[in-house]
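Asker: To start, I am sharing the structure in question, which I have written as structure tokens.
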Amino acid sequence: MWTREHKPRRAQQGLSREQIVRATVELLDAEGMESLSMRKLGAKLGAGATSLYWHVANKNELLELAMDEVFGAVRIPASDSWREVVGNVAWGLRAAILAHPWFTFVLGSLPALGPNAMNCSATLCAALARAGFQKHDIDYAGAAVLSYTVGATAPEAAYTSALKRRGITMEQAQRDLAPAVEKVARAHPEVHARFQEAVESTIDPLAHRQLAFDFGLVSMLDGLAMRLPKSADMSSNHQTH
1 MWTREHKPRR
11 AQQGLSREQI
21 VRATVELLDA
31 EGMESLSMRK
41 LGAKLGAGAT
51 SLYWHVANKN
61 ELLELAMDEV
71 FGAVRIPASD
81 SWREVVGNVA
91 WGLRAAILAH
101 PWFTFVLGSL
111 PALGPNAMNC
121 SATLCAALAR
131 AGFQKHDIDY
141 AGAAVLSYTV
151 GATAPEAAYT
161 SALKRRGITM
171 EQAQRDLAPA
181 VEKVARAHPE
191 VHARFQEAVE
201 STIDPLAHRQ
211 LAFDFGLVSM
221 LDGLAMRLPK
231 SADMSSNHQT
241 H
């Protein structure tokens with residue numbers, strides 16, 4: 001997809017690639033991966049297949065474009081602190097996954113080679129190199145952060161999407177589940193106690209999920225900092241403060 005020259009819109013054709021990308025993302029957000037087809041997208045845009053095939057060869061290329069569009073929503077403010085940059089990448093990707101649950105399925109099945117994805121990767125690598133990581137350790141550290149972000153957020157995105165389809169809140173879902181948890185957790189009172197505390201908590205569920213993600217992310221960054229050479233770690237701490 002990204003090795004070919006971008007075709008401009010033809011004079012006799014009303015569609016641009018940008019229009020196609022926006023419509024693809026809207027369709028995926030509304031109906032999920034299974035809903036996407038060239039025929040359905042053409043119907044949504046009021047255009048024939050010829051207009052679409054001028055820009056993309058197949059459905060996979062549509063998904064590549066849509067994936068890179070989502071990467072473009074990850075905003076990373078300039079900072080000399082590697083922890084701040086890496087943290088913003090993680091939070092930005094989390095927001096992207098929650099807004100577009102289909103994103104993780106595409107991320108795992110197609111290469112992220114678009115310009116926005118490349119910019120995100122380059123920013124992450126540069127921050128880790130500034131921190132003092134070298135050679136393959138830059139790749140390993142970046143992969144660890146991305147794996148945590150996707151792994152922690154994908155189940156949350158799937159769960160919130162399921163609740164949305166059912167038309168219920170997380171609080172209601174927890175109350176509905178309580179009798180089953182009480183029954184199956186009889187041999188594990190500590191598990192039941194944790195669940196019951198969550199049900200009775202006054203903390204907003206969204207805030208609770210954000211706190212949980214932040215706890216894991218900060219722990220991840222603390223662990224990465226421990227792997228830095230002492231001189232690089234001291235320099236990084238000085239920049240942060």
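Okay, so the sequence shown: first residue is 1 according to UniProt numbering, each after it adds one. Where a beta carbon is used, it is the ideal one built from N, C-alpha and C, also for glycine. Quick caveat: nothing in here was measured; it's all calculated off a predicted structure.
1. Between the Cα of residue 79 and those of 130, 173, 223, 186, spot the shortest distance and give me the residue it belongs to.
2. Assuming the contact rule is C-beta atoms closer than 8 Å, residue 160 and residue 94 should be a hit. Round their C-beta distance to whole Å, please.
3. Tell me the rounded alpha-carbon separation between residue 221 and residue 214.
4. Specify the secondary structure class of residue 1 as computed by DSSP and reduced to three states.
5. Can the beta-carbon of residue 23 be found closer than 9 Å to that of residue 45?
6. Could you check if residue 203 is buried or exposed, using at least 16 other CB atoms within 10 Å of its CB as the buried criterion?
7. Under 9 Å, do residue 96 and residue 71 count as touching if we go by C-beta distance?
8. Taking the continuous alpha helix (DSSP H) assigned at residue 46, which residues delimit it?
9. Can we say the region 30 to 44 touches the region 56 to 67, given the rule of at least three CB pairs closer than 8 Å?
10. Taking DSSP as the reference, what is the three-state secondary structure of residue 66?
11. Does residue 59 come out as helix, strand or coil in the three-state DSSP assignment?
12. Which residue from 86, 156, 144, 100 puts its Cα closest to that of residue 126?
Answerer: So, from the listed chains and residues:
1. The candidate whose alpha carbon is nearest that of residue 79 is 130.
2. Taking a contact as a CB-CB distance under 8 Å, the pair residue 160 and residue 94 does not count as one, their CB atoms being some 12 Å apart.
3. Their Cα atoms are separated by approximately 10 Å.
4. Coil, per DSSP.
5. Yes, Cβ-Cβ distance for residue 23 and residue 45 is below 9 Å.
6. The Cβ neighbour count for residue 203, taken over all protein chains shown within 10 Å, is under 16; the residue is labelled exposed.
7. Yes, they are a contact pair.
8. In this chain, residue 46 is not harboured by any alpha helix (DSSP H), its DSSP state being neither H nor E.
9. Taking 8 Å as the limit for Cβ pairs, the verdict is that the region 56 to 67 does touch the region 30 to 44.
10. When DSSP states are grouped into helix, strand and coil, residue 66 belongs to the helix group.
11. It is helical.
12. Minimum Cα distance to residue 126 is reached at 86.
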